[in-house]
Amino acid sequence: MSTSALQAAWLILARDLRLAVRRRGQFVQPLAFFAIVTTLFPLSISPELARLREIASGVLWVAALLAALLALEFLFRDDARDGTLEQYALSGQSLTWLVFAKTTAHWLLTGVPLALMAPLAGLSLGVPYAALAGIIAPIALGTLVLSLIGAIGAALTLGVRRSGVLLTLLTLPLAMPVLIFGAQATDLAIRGASFAAPLYLLSAMAVLGVTLAPLAASAAVRISLE
Amino acid sequence: MAWTWFHRLASPPHVYALSARLTPWFAWPAGALILAGLYGGLVLAPADYQQGDGFRIIYVHAPSAWMSLMVYVTMAVSAAVGLIWRMKIAHAAAASCALIGASFTVAALVTGSLWGRPMWGTYWEWDPRLTSELILLFLYMGYIALRSAIDDVQRADRASGLLAVVGVVNVPIIHYSVLWWNSLHQAPSVMKLAKPEMPAAMLVPLLMMLCGFTLYFVALLLVRLRGEILRRERSASWIREALAE
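Residue numbers (my numbering), protein chains in the order written: chain A, 966 to 1191; chain B, 588 to 832.
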């Protein structure tokens, strides 16, 4: 018991990042999914940039949410399969911290790349350069909240048949506030207005999520491991 | 001493018998209140000066919407009791709430959209309250789907209980963000009823309906709870004795 909770969390974060570097495919998939979904809209609606700019914030947000949701399935799955998760629960360390570390790693591996890729998709939808900050910051924050909420759903659906659809059904209703204020921030940025207000609300949700969600997620992991 | 009644609630045979005894005490007043409220609302209350007779759907719509939220809170509270004190009966009660709550939510959505037809001219308007009602329905669906996806009853209880507790923390956040979303995106809708105090002739039947619906929910919950207990305890010996009576 010489390792403190913070140290243990840090070790898990480093381990998950290292694993991800060695298993690149899993983390490229959501990005490819995001790129494909944002391509569908110009093809299905119209190639006119003026029309696309109108719907750009909605397109980017829905695609980012779905891509992040797709990646959530990987959050605990492999560790639950090979028994690592059970060892975490038995390790005597605070499972809340460990789950928080895993969630943070997951966000760094999916949310942050999505936020960095979204401006490219945004430019192709006719978003002005000045609005790119209004895409990166809200999507980075929003995917953080989604990872935190989704960790609860991912833990609850461990070992459940056809868990993908179920995970969507559990997580998306809880993530509506993120979508509402995230898309609003991006929309305001595209119109050239200040997007501070919705961004503050997103940050408030992120703070609430960081404080509460890991508690619920670690309880959910324990329930699933029983 | 004072907690004996609470501890006895953990015993399935006791709750089974108790809910059978209590059901009529809730069901009859519920029926009487709903009938009186319907008569008062549909016949006695004057027509609205703007909406005419169309407003009368409020006597079903508002109580359903109220119940959809109240049932969710009841479900979350009993799930929390089940998680904290590991009380199986509380989990059974939470499980019995889900379908009732989902039905009230559907009733609120259907009556809301029927009301929308004469008032807004369409069956569906992205009105904030209707939208958050729709999200509430998704929350109920998630709960029911999670329960049915897990075969082991104990694990299903605890997993869905945790989901209900997480959901109830989120319900106010969802509700207010939807309200805010709409007020920023769209001009105030026709729904502004120019809030004069509701006259007593309209208000009293509404309150009667609210109380009637609440009692009706309790009666329904007791009946469903007995069914749930029967299903869970089907191999217990006391069931045979109770059914033989």
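Idealized CB from N, CA, C, for every residue including glycine.
Just so we're clear, the structure is a prediction, and the values are computed from it rather than from any experiment.
Within-8 Å CB hit, residue i to chain C
i: Ala1184 of chain A; result: The structure shown contains no chain C; its protein chains are A and B.
CA-to-CA distance, residue j to residue i, given in whole angstroms
i: Ser1183 of chain A; j: Leu1063 of chain A; result: 8 Å
i: Asp981 of chain A; j: Thr1069 of chain A; result: 10 Å
i: Ala689 of chain B; j: Tyr727 of chain B; result: 6 Å
i: Thr1004 of chain A; j: Leu1017 of chain A; result: 11 Å
i: Lys675 of chain B; j: Arg827 of chain B; result: 20 Å
i: Trp592 of chain B; j: Ala614 of chain B; result: 23 Å
i: Leu808 of chain B; j: Trp612 of chain B; result: 13 Å
i: Glu820 of chain B; j: Val1186 of chain A; result: 27 Å
i: Ile1001 of chain A; j: Leu1060 of chain A; result: 37 Å
i: Val810 of chain B; j: Cys684 of chain B; result: 11 Å
i: Thr610 of chain B; j: Gly618 of chain B; result: 12 Å
i: Arg818 of chain B; j: Leu812 of chain B; result: 10 Å
i: Leu1180 of chain A; j: Gly669 of chain B; result: 18 Å
i: Gln972 of chain A; j: Met1082 of chain A; result: 31 Å
i: Tyr646 of chain B; j: Arg1042 of chain A; result: 49 Å
i: Leu1074 of chain A; j: Thr718 of chain B; result: 33 Å
i: Ala1032 of chain A; j: Gln1052 of chain A; result: 30 Å
i: Gly814 of chain B; j: Leu830 of chain B; result: 12 Å
i: Ala589 of chain B; j: Trp825 of chain B; result: 27 Å
Unbroken alpha helix (DSSP H) run spanning residue i, endpoints
i: Phe593 of chain B; result: 591 to 595
i: Arg1187 of chain A; result: 1161 to 1190
i: Asp981 of chain A; result: 970 to 987
i: Tyr803 of chain B; result: 787 to 819
i: Trp825 of chain B; result: 824 to 831
i: Leu1074 of chain A; result: It is not in any alpha helix (DSSP H) - Leu1074 of chain A carries neither H nor E in the DSSP assignment.
i: Pro650 of chain B; result: 645 to 672
i: Ser1022 of chain A; result: 1014 to 1037
Three-state secondary structure (DSSP) of residue i
i: Gly703 of chain B; result: helix
i: Asp1047 of chain A; result: coil
i: Asp1152 of chain A; result: helix
i: Gly639 of chain B; result: strand
i: Pro715 of chain B; result: helix
i: Ser747 of chain B; result: helix
i: Val1125 of chain A; result: coil
i: Tyr626 of chain B; result: helix
i: Tyr1094 of chain A; result: helix
i: Thr709 of chain B; result: coil
i: Ile687 of chain B; result: helix
i: Gly1157 of chain A; result: coil
i: Pro995 of chain A; result: helix
CB contact flag (residue i, residue j, <8 Å)
i: Ile1117 of chain A; j: Ala1178 of chain A; result: yes
i: Leu1121 of chain A; j: Leu749 of chain B; result: yes
i: Trp702 of chain B; j: Ile644 of chain B; result: yes
i: Phe999 of chain A; j: Val1024 of chain A; result: no
i: Leu1040 of chain A; j: Lys1067 of chain A; result: yes
i: Ala1171 of chain A; j: Leu1079 of chain A; result: no
i: Met577 of chain B; j: Gly624 of chain B; result: No information on residue 577 of chain B is available, as it lies outside the stretch 588 to 832 that chain B covers here.
i: Val1175 of chain A; j: Leu1113 of chain A; result: yes
i: Pro715 of chain B; j: Val765 of chain B; result: yes
i: Leu1111 of chain A; j: Leu1030 of chain A; result: yes
i: Ala997 of chain A; j: Leu1090 of chain A; result: no
i: Ser655 of chain B; j: Ala695 of chain B; result: yes
i: Thr1136 of chain A; j: Gly1157 of chain A; result: no
i: Ala985 of chain A; j: Glu1038 of chain A; result: no
i: Ala680 of chain B; j: Ala751 of chain B; result: no
Check: residue i C-beta below 7 Å from any heavy atom of the ligand GTP
i: Ser665 of chain B; result: The model on display carries no ligand, and the ligand GTP is accordingly not part of it.
Cβ contact check for the segment 1096 to 1104 of chain A and the segment 1155 to 1165 of chain A: 3 or more pairs under 8 Å: By the C-beta criterion, the segment 1096 to 1104 of chain A is judged to be in contact with the segment 1155 to 1165 of chain A, since at least 3 inter-stretch pairs fall below 8 Å.
Check whether the segment 738 to 746 of chain B and the segment 1145 to 1158 of chain A touch, using three or more Cβ-Cβ pairs below 8 Å as the test. The segment 738 to 746 of chain B, when compared against the segment 1145 to 1158 of chain A, does not touch it at the 8 Å Cβ threshold.
Does the segment 1006 to 1023 of chain A come within contact of the segment 1044 to 1051 of chain A, defined as at least 3 CB pairs closer than 8 Å? Counting Cβ pairs under 8 Å, fewer than three are found: no touch.
Specify whether the segment 1123 to 1143 of chain A and the segment 761 to 768 of chain B touch according to this definition: at least 3 beta carbon pairs, one from each stretch, less than 8 Å apart. Yes, since at least three Cβ pairs between the segment 1123 to 1143 of chain A and the segment 761 to 768 of chain B fall closer than 8 Å, the two stretches touch.
Are at least three pairs of beta-carbons, each pair with one atom in the segment 597 to 611 of chain B and one in the segment 671 to 686 of chain B, less than 8 Å apart? Of all C-beta pairs linking the segment 597 to 611 of chain B to the segment 671 to 686 of chain B, three or more are shorter than 8 Å, placing the two stretches in contact.
Does the contact criterion of 3 or more C-beta pairs under 8 Å hold for the segment 788 to 802 of chain B versus the segment 622 to 641 of chain B? Taking 8 Å as the limit for Cβ pairs, the verdict is that the segment 622 to 641 of chain B does touch the segment 788 to 802 of chain B.
Are the segment 794 to 801 of chain B and the segment 646 to 662 of chain B in contact at 8 Å, needing three or more beta carbon pairs? Short answer: they touch.
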